[in-house]
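Numbering (our numbering), first residue to last: 108 to 179. From the three backbone atoms N, C-alpha and C, an ideal C-beta is built for every residue, glycine too. A short worksheet on the structure shown next.
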């Protein structure tokens with residue numbers, strides 16, 4: 108799995124303001140194990156994570172963009 112980079116994408120640790128809109132993109136290529144699920148989760152200030160989206164996926168190659176709005 109690799110993160111999309113470039114204009115508009117957030118792809119690493121960054122400090123953002125409250126209620127900011129982030130675009131996160133991933134590119135996933137099958138290796139040994141089948142692609143079956145994609146879980147997008149967020150965590151703030153070292154707290155536990157919470158799921159934003161959980162998708163069933165399949166195939167040899169998956170690309171997914173997810174918009175995340177940070178907490179207010």
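Item to complete: Could you tell me the boundaries of the beta strand (DSSP E) in which residue 161 lies?
Response: In this chain, the beta strand (DSSP E) harbouring residue 161 covers 157-163.
Discussion item. In this structure, how does DSSP classify residue 175 when only helix, strand and coil are distinguished?
Written reply: Looking at residue 175 - three-state DSSP - the assignment turns out to be strand.
Discussion item. Given this structure, state the Cα-to-Cα distance separating residue 109 from residue 142, to the nearest angstrom.
Written reply: Going by the C-alpha atoms only, they are around 14 Å apart.
Worksheet item: What is the DSSP secondary structure of residue 146, reduced to helix, strand or coil?
Response: In this structure, residue 146 counts as strand in the three-state DSSP scheme.
Worksheet item: Thinking C-alpha only, which one of 131, 125 and 175 is nearest residue 119?
Response: The option with the nearest alpha carbon to residue 119 is 131.
Worksheet item: Do residue 177 and residue 123 come within 8 Å of each other at the CB atom, strictly closer than that value?
Response: The criterion of a C-beta distance shorter than 8 Å is satisfied by residue 123 and residue 177.
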